[in-house]
Structures are given as structure tokens and as C-alpha cells.
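A.B. asks:
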Amino acid sequence: MAKLPIYGLMAEFDSPEALLEAARRAFAAGFRKIDAYSPFPVDGLAEAIGFHHTRVPLIVLIGGIIGCLGGFYLQYWVAVIDYPINIGGRPFNSWPSFIPVTFELTILIASLFAFFGVLALNRLPMPYHPVFNVERFQLASRNRFFLCIEAVDRNFEPERTRRFLDEIGSLGTYEVES
Amino acid sequence: MSNGMDPAGLLGIAQQSAGGREYWRSLEELAGTEAFKDLIGNHLPRHAAAFTSAMDRREFLTLMGASLALAGISGCLSPAPAPPDEKIVPYVNQPEALVPGKPLYFATAIPVEGYGRGVLVESHMGRPTKVEGNPQHPASLGATDAVTQASVLELYDPDRSRVITNAGRVATWDAFFSALNVELESQRVTQGAGLRILTETVTSPTLAAQLQEILRIFPKAKWHQFDGGGGDYAHQGARMAFGQPFETLYRLEEADVIVSLDADFLLRSPASLRYAREFINRRRIPGGSDEANRLYMIESTFSLTGSNADHRLAIAPSAIPQLARTLAARVGVQISAEQPAISPAQEKWLGALVKDLQAHRGRSAIMPGEYQPAIVHALAHAMNDALGNIGKTVFYTDPVAVNPTNHAESFRELVRDLEENAAQVLIILGGNPAYTAPAELDFAGHLVTSNFNVHLSLYEDETSAVCHWHIPQAHYLESWSDVRAYDGTVTIMQPLIAPLYGGRTAHEILAAVAGQAERASYEIVHDYWRGQNKAKNFDAAWRTALHDGFIAGSALSPRNVKAKPATSFETSEPKRASTGAATKNPPSLEVIYRPDPSIIDGRFANNGWLQELPKPLTKLTWDNAVLMSPATATRLGLTYRVGGTGGEHGTIYADVVELEYDGRRTRGPAWIVAGHADDCVTIHLGYGRRRAGRVGTNLGFNANILRTLDTLWHGASIAVRKTGAQYALACTQFHHLMEGRDLVRAGTIEQYRKNPKFLIERESEKEAPGTLYPGYKYDGYAWGMSIDVNACIGCNACVAACHAENNGPVVGKQEVLRGREMHWIRIDRYHRGEPSNPETYHQPVPCMQCENAPCELVCPVGATTHSQDGLNDMVYNRCVGTRYCSNNCPYKVRRFNFFLYSDFKTESLKPLRNPDVTVRSRGVMEKCTYCVQRINQAKIAAEKEDRVVRDGEIEPACQQACPTRAIIFGNINDPQSRVTQLKTQPLSYGLLTELNTRPRTTYQAKLRNPNPEIENG
Amino acid sequence: MASKPSDPGGDTLPLLEPGHTFGSITDKISSIVLTGRTPLFWYITFGVGFILVLVLLFCITALVAVGVGLFGVMIPVAWGFAIVNFVWWIGIGHAGTLISAILLLLRQKWRQSINRFAEAMTLFAVACAGIFPLIHLGRPWFFYWLFPYPSTMGVQPQFRSPLVWDVFAVSTYFTVSLLFWFLGLIPDLATLRDRATRRMPRFIYGMLAMGWRGSAIHWHRYEMAYLLLAGLATPLVVSVHTVVSFDFAVALVPGWHSTIFPPYFVAGAIYSGFAMVLTIAIPLRRLYGLEDFITLRHLKNMAIVMLATGMIVAYGYLMETFMAWYSGDLFEKYMMMNRMFGPYGWMYWILILFNILIPQALWIRRLQTKPWVLFLIAIAVNIGMWLERYVIVVVSLHRDFMPSAWGMYSGTVFDYGVLVGTIGLFVALLFLFIRLLPMISIFEMRELVHEEEGRSQ
């Protein structure tokens, strides 16, 4: 069968420390299109592969502001503009009574933004991904740690990259079919 | 009548001729024919026919359908309910102005126990829906009582008898009249020696004339009277004192001191509405210029009047005649018999009373109780004579009742005749003797001896069951008749609607007896009065009489009378039953029988509104009980248990006692009443009905089993045994203490004179409750209400009126037990002082219409909001039923439809509804609206005429019904309105104002007028 | 290699029994879900729960068909069991989010083995609670009128009403808890996906895992979002029972109208929440042999939290009583006397016993680590907290301002039916969860192992 261009090369490690070390060295070696996979979050791993900033907090902040203003305006509009009516002698704009709902909506919208924001940024749901083609990769959700250098990286050259990975302590290096 | 062969055409004729009478006759002529006999066989086609022919023309097809569907043959025979054929005169100016949605008012009178009360009946498109008082009528003065309010429900009661029966089988009028005629023929031979007519108290001139006519035709016939209530001691007493059975009238407005010898004149009197008004008019203090009257009550049971007395003396019934004698001696009546010594406490009380009386010669009144023996009445007359009250506060007229007789004797005689088989033909017009008569006589048992007896009544009741014939009676709202009020004023009763169930009036039956079966009661009454009226302009007079609701100047004129020397009668002891020495084991007590405050002698037993009405003082519903004082209950080891569900406001488990009198036994729950006399028990009549209808059957227990003719109202030595069983009574207010909360503020007139504001100077009211919110401006109308606790006698008229006006549902005993009754206005009853003789306060509590309504704030869907004129509106169709509003209502005036309480199914009840008020469905909250429908009608009328609503133009149902005008409604933005003026008076206070609810309904404090000598120890 | 975490109590109980590796933990926890054999006790408990659910469905059907009058509610006590149960369940629903959110922010490692099912418990408790406001309506089919929606009638909810606040608070709380819970599940779902042997589970877990592959960048964003959600959930969890307490505090009724309600309701909620977590955790760790993960240390910490919140609740009771006296308000004073010595007095004293006195046993250190003792105390607190709500709701209402309107209340068979029904629903849902999803957060346990190792070196 014809050899397909591969997605990248994947190295397996057995501890987060090893992975972290490998990632650092790969990054130092000039690889940029790399990704690390671990069964639990490993401190500094993202930074090690050159990822520093996330926009998640900004998204949540926007959500919160929308919820807050929208929530209060909803009540103000209902009680003062759309259908003002004398309720127990209270003023139409009984703003103290509107605080709880405003608060709850702030939280609600912000949370929704946080949840769907992180999914969107992570491009999830994504049922198929080339890394899944690697037999051993299913251990990535158990007790194994993987580093993947993608073929699109301009420094990528199958043989040298494989050797490089073996050097930085890979317990096994696999081709990731695309 | 060829087309008479097919029922459709047949009814068609009936409609076109629009004459119920002809209709009847034509059908009955038909009844003989083959065609009709065929019709009898299959009902359905006839129904269909009736529908088709009735629907297109009449408003009342649903009702028609119902009466047809339910009533079987007579239903089919009955005409579609319609304005009666004869000309009846509307109270408003334009007659025949049948504007849809615009009610007409017709004047007539309601006969209760024979005596009439003028009423105006509201009629929507020919359906009477509400009964109000006739302001011009002396016995009403515009007010009504609970019974009158509920009588309209009786009219539409689906349980009313709809069919004439012979030995329980459906029969026709034709059959009845022919049978009657056969009997009468045989009686003619003997001049009617075997003919007996039994009526209740009769005041109707027409009926009297008819009876005389019959007695002329049948000289040997006898007319007996027996009234479930009454007993007619008053007339006997008058006979004793004056030699003639005079009627006694009082002018309480003139009386400074009133002594009631067990006279419950605020509730149980043909003139109660008037007396209540006059009595209270002398107690409206603000202004405080004229002297308030003072009421001394001497009684055994705790009556409504007693609860309004300044001083009460609760003594055993057997002691009352003696005390009356003593009192008489003190006020200067010649008494020969020696005076037994009385207890020092009573001595002191009596002394003060006598002094008071002497100080008010000519301005006092001694009122003997309806149920007291004749001797008490006679002594009272003598006392009034001695005190110079006659002609000033007490008046005597010729008897209003036609031929007043001793009912007990009259009935005893009838039963004797039955025993001796002397009464072969017995005609019973109204009443229910088989139930109301003392069981000892076994009236029902003796009936079998007569070979023809007929019972005319609204319901197929206990008596109908034992009579050969039962004839459905026309309700008073369906009848032409006439009736006299307590003072003799005649009202010509006009029907509001053709008989729904084809009933007939007593007039028509008597006419038949007199051999004129075809005369309609209209003719009978009309002709009688034409005969009376010599003037040529009779028609005008007739019109006026119908229009006004009474015949002007028909009141009987006072007679100046002189009492015979008391020595001639005072020794004659009232006949009493074997006054056997009271045995100790089982404890034997005196017994007092009284008509039930709501359903009287049981004649209203099937009226759900009245059954559910909390009885004054006891606040019991749906049951009667053995009432006794706390001390007596303790002696008998009787107690109660508060139910886990509804308890205090709902279920109370009372000990059941067995009562035995002359070997006859019954059982009933014991109820402890503060203020009841010791060593005697009170039992209310009217319960234990066996054939009352689906509402009234098998409620409570029947006291008539114990009664005898000699002890109609009081009996000695009744044995009371504790059974150990308990019975759940539905009591809407068990907690009678105010727990130190000044809900009812009360004081004495002296205190008021010293410092008018003495009742409203409280910390919480001195500093105005502060608020961050600017209040709403209510420019334009601002409705408010002022309720005078001082004037409220607790008669329940407002509660019944509210229920009738606002389509209130009847929830039944089970739901009341759970504390779910649906009255929008309730009368709270509080006691103060020692249980043996407490002060009692009645406080009507409707919705307060708070300006800062707590209920509105918490409603999540805005189903209760404020209107422009400050009403606390309830939007039924927006309510989802969280019931949060009720929780947050400090006054607990909101009511919730926990189930589908309103009756949407019973067809005959649909025409009863007030079309201006929503019939509430399941799961929604409801409450008093100040009768917003009346407010809006008045506002619309005012806008049309481009003016503002006049003060007093709007009367909520409660205000309109109130006999004492205790409730005043109006615009509080108008400084001139009565309500504003009342609210500015020093006795005006709000309920729980410290909560800053700013209630629109406020109260006038209660002021008692005690005799310092008694009060200050 | 017992750990020595910084612990003021200075105790030596481990958070995780020694000898566990990433693999062993993964296998142990996921096997509970992936095993083909369902244990007998699971069938029994779930069966019982399911039968009670049928009872619940019957009662609800009857209520909707016949009317809310089937409950014992009346005037003046227009709120009964339904509201009592609502508040009780909501309270129970507080532990989960609290444990996962607040303890996360406080960096309390011991949360990690209990947060997952605590969150699940929260969801199910809130689900049970949500039933009551619905079925206690007079016209349940119009419940949606409490939400703002473009209505042809042009009318909208009345936002001054605490009931509307409730609607928003509870629905927000449920939504956020659900998101929080599911976000936490994603990596574990991936684990299950990879470990599942059979096709169907593999597919389902795969779909739910949404293609999670543990990328470092994903983890980075994930942790950030998780932290932020925790930050949002923390004020939320506090606000929810505050709002619930407003249902009462905003009203006039003596015994409701009190400013101390919000803090004291929140404390009570956490109290009952932890009690419920213990009630569930203690049997489960035994039945599934999870003593290694849910260690005595966890039980001890929860016991201490219970003790602390219990004391706050006690303070609440004390303050209520004191204020009733100090305010000098006639109605308040009467309310308190009636609460203690009125017809329902016995209830008050039982709740004092269960909520205040019995938990004092937790001062004794030995007892803090006796699972069955804790279990019994937790049960007592659960009952006590239910009684507390009963006393607040019913006993305050049954005698308020107008003596003429006073009345007694008691639940009907339907009241009890719905109560046990929701308990059944709770149990059924919980056991479904245990059977189908990892009841302990696997990836967080791996982290824990990693840290323990790091510490031990």
C-alpha cells in the first residue's frame, strides 16, 4: 500500500517529569509544532511547548457583564417600561428587589461562556484526531505521557526527528498516520 | 288540539300562549288521551322536543335542560322558566326594560315562620339572583338576614321536589284533583266533619279569607296550626294579661333601659332587623351627646342578643319565671305569692337593675322571650304597665297572625282526632310536622288512620314520605301571595319567575278544596284585594303596592290597653313536664331547645350556604351540638380535643353524650359555651333530618326525638351520659382569646367621655412608621371602608350576603374540618373576662385592601395588584396558586380553591350565579374585592351622567345587608363622605397598623355601657 | 510512605492509602463502571429507589388531576411539606458545589476523592427540590408563568417576589453545577472511552468525551476554565440558600421576618449537605472497597466542617430566640413561646437534640474517625434539618397575627408519599450515576498520586 504522508512522530514517556523535560528540549531544539499529551494536567507543560496565554478569562468576563446588564435591564424594562403597575405601593423601579435576579444571571451567563468558551477554544468536540491512530495512545488517558512533533513543523525530517526523540528518552517512538 | 299530539307543537302552543296555566291545563286534558299515554312511555323524544322549542326562545335552555333531564315527567310538563305570565311591576322606573346585563329589581316579601319581610329581588334577564332588603319596608329598613340572603339558593335547589306523587309514585295534577274531589264530596255530606287543614302560622289575608271560605262550606271542618318554631306563647301571655291575644311591639329607639327575659330579639324575631337597627342606633356613640341605652339580659343559653348585652344573668330556664315574678314585684307589680330568697349576687344585680328601671320609667322596656311560658309574657306586660312604658316604648296591636292559637294544643287535638279516626281528610300546607313535631306524638304513625292526606311542600321531606299525596310547592319567589309583617304591614308578594318545577301555592290548593281548582293564585290574590279596596282606582293602588313592596298604611294601629291586675294570673304556673327531682347519677340537667340560628327548625336544612355559615358564638358549621357551660362540662367529665389537621380552625373532636328524656334517647357531641347557664344544656333543632336532600340529610342529630308538646322549649331532668366516643365538629374559630393583641379595642362609655382617644393612644401609633419609598398618590377615587365593632351584633347577614353576591362556593363539612371554608368576610368572635359570664365581641373581617399590600409584593406572577383607586385586585386567571399571598397576609382573609369547589355541573345552579362575578375555578386564590363589580357599575353610570360617584351610591353586599349599618363604604378622598368622617373619629383604629400595611378598612372601637353599680363590684 | 500534608490538626491520616500508581487508580475506579457484573446490593438499592419513584409519579399524577388540596395545606398554613422538602433538598444540594468549588479555591487536596459524587449528589438533590415548587402550585401547568418569556398576554413575572428570585437562583444553580460537573467528567470520560472493551460503551463514552486527548494546551485552558467556574460557583452556592431564605425573611410572618436568615440558612445548608455526603460516602466506600481513596482523613475533615457549620446553626437558633425576647415584639415573643411550648413544641426540642446536641459528640477526636458513628450523627442531622424547616415553615404560619385564624396542620398520605418518593428518586439517580460514571475523579487522583510521590521523594 502507498505510504501516506504522516501527521507526525510521537514519543512515549512514563512520567510527567520525563515528558516535561523532553518537551523543553524539543522546544529548545527549535521544534514549534509540537504537542504533549498527559493523563492529568502537568504544571509548566504548556509553557514548555510555548503556549503562554489563554483568552478564557476574557470570555468569562464578557459573559459576566452581559448577564449583569441584561439581567437588570430585563427587570427594569418589565417593571418600569413595558408594564408599570402598582405592586403593594412599591415604586416601579424597586432596584433593591432586582439585585438577586441580576446576580444570578451574571453567574449563569458567565458560566455558560466559560464552559462553551473552553470547548470552542479547544476545538471540541472533535471525535477524530490523527493521534488516536497510535495504538499506544490510549494509555495517554491512563498512565503514559506522549510528545508529538507534527510533520508540518519546518524542522521536521522523519529520520532525524525520530533519532532526536530517542535521544531525549522516548520509551518508544511511533509514526502518527494522518 | 290536533297538533297537541306531537309534543313539539304542544310545547309550541304552550310557549305562544305563554301561559303556564293554559299550558298545564291543555297538557292535562291531553293526559287522558292515547297520545299522552304514549308519551309517558318514552322520555327522550319529549326532551328533544322541549329543548328545540324552548331553546330558540328562552334564555334558560340550560336550566330547562336540567329540569327536564333531572325531573322526569313533571320536569317535562313544567314550562321553561320565564317571567311569570301575569303583569309584575319592576321596582325601577322603566318597566319591561330588559336590557341585557342590566338587572331589574322587584319588590316582594319573604315569609319566614309566617311573618313577612320586605325584600327587593335582583333579576338578571328574568333570573332572580340576589335578595336585598326593601328600604321602605318597616320590617327590613333595607337590611336582610342570612336566611333571606340564602333563600335564593333554595329557589334553585336541584333537590326541590319536581313531581307530584301518590304513594311515592309519580302522578298528575288531574289525578290529584279528581281524587281530592272524591274525598271532598264525601265530606260535604258530613259538613266536613272529617276535614282537617294543618298550616303553619298564617298572616296572609288572602289565605285567611280562603280558609274562612272553606270553613263556611265545611262548617264542621277544623283548621289546625303547628309551627316548627313559634309555639305562640306570646299571644297566650297577652291573653293572660289583657284578655286578648295582642301583638307586642317595641320602639327600642325610645328605650334607655332594656331588660330581656330571654328574648333574642336581635336574631329570633319577626322584627329582628328593625329592633337591631333601633337598638344599635342608641349605641352609636361618636358625638356622645344622647344617652346610650343599656341592655340587661336574663337568659339560660348564650344567645346572640345576650352577647351584645351590657349585663348578662345566666340562670337555669326553670328559674326565669320565678325571677320574672321577683322582678315584677320589685318594679311595683302587685304580686301576692311570696318571694323566695335569691342569692346575694343576684340580689345585688337585681337591685341595680330595678334602680335603673325606676330611674327610667317610661323609657325602659321589658322584653319577654318568644320561647318563655305565657306567664313570663304576662308578667312582662304587667311590668311595662307598671313602669309606664306602654304607649311609649311598648305598643300593642291586634294580632298579626290570623286566629292565633296555642299551636301545641291545636296539634295535640289534631293528633287526637287522627287517633280517634275522626280526621279522614288531612291537608297539610307547608311545614314538616312529621319531623318537627315531638316524637312522642308519633304523628307519622297516626297519619295512616286518615284515608286521604296530602302534603304541600318545597321538598319531598319526612312528611311527604308518610302522606298519600305530595305536591310540590311554589317557592315564594315563584308565587303570588300576600303576607303581613310584624306590625301588620301587608306585602303583596309577586313572583320573579314562573315555577321552575311546576310547584303550586297554598292558595291554589285551598281554591281547589273550595271547588275552584282552576283559579290561579294571581286571580285569587288580585280578586281578594279588589274586594278589599272599595276605591275605583284599584289598578293604580295595586300597581303602587307591587311597586313599593307593601301596602301603605296597612300597619295595624296601636291599641291603648290596660293590663289586668297581675294577681289574676301570676300564680298560674306554666305547664311543665314531670319536674322529677334531678337525679345525680346519671347527672340530669334541664334542657333548652332552640331553633338553629342558621337553619331554624330544619326548613333550610338543605341550604348549603346556611349549613356552612359559622353559627354565631359557637362558630360551628354543618352540625348541631349539646351546648353547656364549662362548669357543667367539667362536672360531666366532658372535654374536647383539638384536631391535628385544621384544629382550632377546623377540626375539634368533642365528647359524644347520650341524652335520655322519658325513655327516648339520642346522642350528640357536647360543646362548651362560655356564658351558658350551669346545670342545663341547649340543643338546637333542625338537624338529624332524614329526607332533607343531598345537602341536609343525616347531619347532626334530631332533638325532636326528645321533645314533648309540654316541653317544646324547656324541659326538666334530661339525663346526660358520657359515651366515651368522640365526634369531629367543624368549627371555624375555636381560639376565642385575643392573646393580648388589641384587635378589638373596647372600653366603656364613661372612659370615652373622660378621654375620647383613650383607645387609640398606643406607642406603635404615636410614631408614624417611616419608609424610604414615596407613597402612591391616589387622586380621583380612593375606596375605603369603616366597620363599627360597636354596631356589629354578629348576625352573619354580611357573610351570607357576600357569599350570595360573589358566587361563593360551598365546600362541605370535610373541607371545613380542614380549615378551608371560603367566606370572604368572616365574623371573628372574641371573649374577655371569666368563662362563666364573659364579655363577647364580634368583629367582621373582610380584606383590608392594604395600600402597602404584603400579598401583592410576594406574588411571583403579579396576579394580585393595585388598582387606580387603591383596590387590592385579584386576577383569578393570572393566579398560579403559590398561596404565598395568603401566608403573607396578616389578616388571613384570603381563600384558596384547593379543589374544584365551584359547582360547574349542576345545571339548575347556573342561573343562580351573579353574572357580574367570575365563578372561580380550581387552584386560584380569591378574596374580598369590596364588590368591585358594584363599584364599576356605579362608576360607569356616573361617567355616563358626567358626574362623580355620589357618597353612598356604592354599597358592597355586606354593607347593604347589615341590619345595623355597621359597615360603611365610600371614597376616602372625599372629605364629606361618611366613611371619611367615620375614619377621622377618635374611636377609629386600624388592624395591625404597626406592620405598615396601611389598611383601607378600619374599625370603630367597641363601647359598652355597663351599670356602674354592677361593674364596680 | 504516609504523607505529611500541612494540616493544622497536625494529624497523620493519609489522603490516599500508599502503594497506588496512575495505573492502579485508573483501573480500580474505572473498573467499577466498566465491569460487566453488577453487584447484588446495587440491584436491591436501585430497586427500592425505583419503586419509590413510582410512588412519586402516582402522587404527582393525583395532585395534577385532582388538586393540590390532596396535600394537608389549608388556611392559615398554606405552605406545608412541599416547601419544607424543597428547602431541605436544596440545602442538601449545597455540599457538592461547595466541596468542589470552595475547597478547590482553598487548595484543599482532600476534596479530590469526594468532589465527583458530591457534585452528582448536588445535581440530584436539586432535581428533587425542583419538583416541589412545581407540584405545590394550585395550577402546576402554568408554572412557566414564573419565567420571563414573550407572552401574548404581555404580562411578565413580578420581579419583586422572592419566588421569582428562587426560580432564577435554583435554575442557575442547577445549570452551573451541571456544567461544572460535566467539565470535570470530560477527561475521565476519555479514560473510560480508552479503557472500554465493548463497542457500545466505547462509542457512548467516546461521544461524551468529545475527543478529549489530554493535550497540554487543552489542559491549560481546561484548568483555567475550571478555576473560573469554581470562582463563579462559590458566590452562587452562597446566594442560592440566601435567596431561599428570602422566601421567608421577606415575608411579614413572625418567625420568618428575620435578618439572620440568610447566613443561618447557608450554614444550615452546608451542614445538611455534608451530613448527606457522609450518609452516602460511608456506605459506598465500604461496599465498593474504596477505603483507600475515601480515607478516614476525608471523613474526619467532613466531620469537622459539620461541627463548625452546626455551631453556626446553633448560633442562629440562639439569636432567633434572643431577638424574639430583645425586640419586645408581641408577635415575635408569642411565636417563640409557641415554637417551644406550643402544640408543635416536641418537634422543636427534637430538632435541638438532633441538630445541636448530638453533633457535639464530634468534639471527641476518637469519634471523628469512627465511620459508623459519623454515619449515625449524619442521619440525625438530616432528620434534624428537615424538622428545622418544618418548624420554620409550619409552626410559624399556624399561629401568626390573628388568633381567630389560627389552625393546625398535618401532612396527608400524599405529603409523605412525595417526600419518600423524592428520596427514592435521589437514590435511584445516585445509583445510576455510580454504575455508569466514575464516582471519583480519576485524573485528579492521578494528580494526587503524582504529588504524593513528589512529596515522598
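Residue numbers (our numbering), protein chains in the order written: chain A, 377 to 554; chain B, 10 to 1026; chain C, 30 to 486. Glycine included, every Cβ here is placed at the ideal spot set by N, Cα and C.
Sort Y259(B), P279(B), A383(B) and V108(B) by Cα distance to A243(B) and report the nearest one.
C.D. replies: Checking every option, the nearest Cα to that of A243(B) belongs to A383(B).
A.B. asks: Please list, in chain order, all residues of the same chain as E621(B) whose beta carbon is under 6 Å from its beta carbon, the five residues on each side excluded.
C.D. replies: Same-chain partners within the cutoff: T630 and V819.
A.B. asks: Give the interface partners of T151(C) over in chain A, defined as CB-CB distance under 8 Å, in chain order.
C.D. replies: Ordered by position in chain A, no residue passes the 8 Å Cβ test against T151(C), which lies about 14 Å from the chain.
A.B. asks: If you drop the 5 nearest sequence neighbours on each side, which residues of the same chain put their C-beta closer than 7 Å to that of T927(B)?
C.D. replies: For T927(B), where only same-chain residues beyond five positions count, the Cβ hits under 7 Å are Y885.
A.B. asks: So, under 8 Å CB-CB, I385(C) and G339(C) are touching, yes? Tell me the CB distance rounded to an integer number of Å.
C.D. replies: Indeed, because the Cβ distance is near 7 Å, the residues count as touching under 8 Å.
A.B. asks: Can you check whether the CB of V798(B) is closer than 7 Å to the CB of Y1012(B)?
C.D. replies: Against a cut-off of 7 Å, the Cβ pair of V798(B) and Y1012(B) comes out as a contact.
A.B. asks: Residue range of the alpha helix (DSSP H) that I608(B) falls in?
C.D. replies: It is not in any alpha helix (DSSP H) - I608(B) carries neither H nor E in the DSSP assignment.
A.B. asks: In whole angstroms, give me the CA-to-CA distance for E321(A) and I463(A).
C.D. replies: An answer regarding residue 321(A) cannot be provided, because it is not within the stretch 377 to 554 covered by chain A.
A.B. asks: Thinking R451(A) and F474(A) are a contact (beta carbons under 8 Å), I'd like their distance in whole angstroms, please.
C.D. replies: According to the sequence as given, residue 451(A) is Gln; it is not Arg. With 8 Å as the limit, Q451(A) and F474(A) qualify as a contact, their Cβ atoms being about 4 Å apart.
A.B. asks: Return helix, strand or coil for R394(C), following the three-state DSSP convention.
C.D. replies: Correct three-state label for R394(C): helix.
A.B. asks: Using 8 Å for Cβ pairs, my map puts R250(C) next to N498(A). What's the rounded Cβ distance?
C.D. replies: Going by Cβ atoms, the distance from R250(C) to N498(A) rounds to 6 Å, so yes, they are a contact pair.
A.B. asks: Could you check whether the Cβ of Y900(B) sits closer than 7 Å to any Cβ belonging to chain C?
C.D. replies: Yes, its Cβ sits closer than 7 Å to a Cβ of chain C.
A.B. asks: Helix, strand or coil: which one does DSSP assign to F522(A)?
C.D. replies: Strand at F522(A).
A.B. asks: Between the alpha carbons of G784(B) and T350(C), how many angstroms are there, rounded?
C.D. replies: Computed Cα separation, rounded: 34 Å.
A.B. asks: Please classify S352(B) as buried or exposed, where buried requires at least 16 other C-beta atoms within 10 Å of its C-beta.
C.D. replies: So S352(B) ends up on the exposed side.
A.B. asks: Report the start-end ranges of each beta strand (DSSP E) in the segment 212 to 290 of chain C that is 3 residues or longer and not cut off at the edges.
C.D. replies: Here no run is fully enclosed.
A.B. asks: I'd like the ranges of any beta strand (DSSP E) spanning at least 3 consecutive residues and lying wholly in the segment 101 to 156 of chain B.
C.D. replies: The segment 101 to 156 of chain B contains these whole beta strand (DSSP E) runs: 113 to 121, 124 to 133 and 136 to 142.
A.B. asks: Can at least three beta-carbon pairs, one atom from the segment 417 to 428 of chain B and one from the segment 563 to 580 of chain B, be found at a separation below 8 Å?
C.D. replies: Segments in contact, no.
A.B. asks: As a quick exercise: from M883(B), L746(B), G871(B) and E830(B), pick the residue whose alpha carbon is nearest that of Q852(B).
C.D. replies: Closest option to Q852(B), Cα to Cα, is L746(B).
A.B. asks: Let's test the definition: count the other Cβ atoms within 10 Å of the Cβ of T1010(B) and tell me whether it reaches 16, buried, or not, exposed.
C.D. replies: Buried: at least 16 other Cβ atoms inside 10 Å.
A.B. asks: Going by CA-CA distance only, name the one from A728(B), V172(B), Q968(B) and P924(B) that's closest to V483(B).
C.D. replies: Per the sequence shown, the amino acid found at residue 483(B) is Ala instead of Val. Nearest of A728(B), V172(B), Q968(B) and P924(B) to A483(B), Cα basis: V172(B).
A.B. asks: Measure the beta-carbon distance from R321(B) to N1018(B) and round it to whole angstroms, keeping in mind my assumption that it falls under 8 Å.
C.D. replies: That belief does not hold up - the Cβ atoms of R321(B) and N1018(B) are roughly 14 Å apart, past 8 Å.
A.B. asks: Identify every run of the beta strand (DSSP E) within the segment 938 to 1012 of chain B, keeping only runs that are complete inside it and at least 3 residues long; order them along the chain.
C.D. replies: Here the runs fully enclosed are 976 to 980 and 997 to 999.
A.B. asks: Go ahead and label R145(C) buried or exposed: buried means 16 or more other beta carbons lie within 10 angstroms of its beta carbon, across all protein chains shown.
C.D. replies: By the neighbour-count rule (16 or more Cβ atoms within 10 Å), R145(C) is buried.
A.B. asks: Listed in chain order, which residues of the segment 91 to 105 of chain C have Cβ atoms closer than 9 Å to some Cβ of chain B?
C.D. replies: Correct list: V95, G96, V97, G98, L99, F100, G101, V102, M103, I104 and P105.
A.B. asks: When the distance is taken between beta carbons, is T263(C) closer than 7 Å to I119(C)?
C.D. replies: Contact: no.
A.B. asks: For a quick check, are the C-beta atoms of G243(C) and A486(A) less than 7 Å apart?
C.D. replies: For G243(C) and A486(A), no; Cβs fall outside 7 Å.
A.B. asks: What's the gap between the Cα of Q158(B) and the Cα of A800(B)?
C.D. replies: One C-alpha to the other measures close to 20 Å.
A.B. asks: What does DSSP give as the partner residues of V6(B) in its beta bridges?
C.D. replies: Because chain B is modelled from 10 through 1026, residue 6(B) falls outside the range shown and cannot be assessed.
A.B. asks: I need the straight-line Cα distance from V682(B) to N633(B), nearest angstrom please.
C.D. replies: Each residue's Cα considered, the two are about 13 Å apart.
A.B. asks: Tell me whether H270(C) is buried or exposed, calling it buried when 16 or more other Cβ atoms sit within 10 Å of its Cβ.
C.D. replies: When all chains shown are included, H270(C) counts as buried.
A.B. asks: Judging by CA-CA distance, which residue of G183(C), I469(C), M431(C) and R314(C) is the nearest neighbour of L457(A)?
C.D. replies: Sequence inspection shows Ile at residue 457(A); the Leu mentioned does not correspond to that position. Answer by Cα proximity: G183(C).
A.B. asks: Compute the Euclidean distance between the alpha carbons of L385(A) and C524(A), then round it to the nearest angstrom.
C.D. replies: Rounded to whole angstroms, L385(A) to C524(A) spans 6 Å at the Cα level.
A.B. asks: Can you tell me whether Q137(C) is helix, strand or coil according to DSSP?
C.D. replies: If DSSP states are grouped into helix, strand and coil, Q137(C) belongs with coil.
A.B. asks: Just tell me which of R904(B), G979(B) and M857(B) has its CA closest to the CA of G789(B).
C.D. replies: It is G979(B).
A.B. asks: Are G297(C) and V342(C) touching if we call contact CB-CB under 7 Å?
C.D. replies: Yes, they are a contact pair.
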